[in-house]
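Structure first, commentary second.
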């Protein structure tokens, strides 16, 4: 049996945080910066009342309140998955005009008690929409799409998700 080598965390600079300092089980906190999602030239979500989930080795995942999402562009899918911490996730296809992105968003309609604040909030895969912003910075997609984190310059890794990282 081979032991998986753990990565060496990047030392955060001023005004940065390391995902290796995030807790497990994950933490849930308010996000005051403006969060925006754009798809096919339409702003799908725009809020200053997001919540972010922080988990060891993962970039933050930003959940947006339903009142700040153009939900008419979301269609719930049959697909569900189970998170040991948050509960059962449901997925949404995003459609604007002639473009669609399957499983572009997900949320927890009935989360566990610890994550009750996430009820009916929705998050988006940065890789499946055209633009995601945290403040004025365009976020980059977490490699691998499994966790759906958004990478910005104020967060350092290395990040779980790419090839060879699943055992971290």
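Numbering (the UniProt record's numbering), first residue to last: 1 to 168. For glycine and all other residues, C-beta sits at the position ideal for the given N, C-alpha and C.
Environment of residue i [buried if 16+ CB atoms lie within 10 Å]
i           : result
residue 57  : buried
residue 47  : buried
residue 143 : buried
residue 13  : exposed
residue 25  : exposed
residue 139 : buried
Option in the options with minimal Cα separation from residue i
i           : options          : result
residue 156 : 29, 16, 129      : 16
residue 43  : 137, 20, 133     : 133
residue 160 : 59, 31, 25       : 59
residue 75  : 111, 24, 102     : 102
residue 79  : 100, 68, 99, 104 : 104
residue 98  : 77, 84, 73, 153  : 73
residue 119 : 141, 67, 146     : 67
residue 145 : 125, 139, 154    : 125
Check whether residue i and residue j have beta carbons under 8 Å apart
i           : j           : result
residue 122 : residue 92  : yes
residue 107 : residue 90  : yes
residue 33  : residue 135 : yes
residue 149 : residue 38  : no
residue 173 : residue 54  : The requested residue 173 is not part of the displayed model; the chain covers only 1 to 168.
residue 158 : residue 23  : no
Simplified DSSP assignment, three categories, for residue i
i           : result
residue 72  : helix
residue 20  : helix
residue 86  : coil
residue 34  : coil
residue 46  : strand
residue 170 : Residue 170 falls outside the range modelled here, since the chain spans only 1 to 168, and no answer is possible.
residue 138 : strand
Cα-Cα separation between residue i and residue j, rounded to whole angstroms
i           : j           : result
residue 45  : residue 163 : 31 Å
residue 137 : residue 36  : 10 Å
residue 70  : residue 94  : 10 Å
residue 87  : residue 40  : 31 Å
residue 20  : residue 51  : 19 Å
residue 49  : residue 147 : 21 Å
residue 77  : residue 85  : 22 Å
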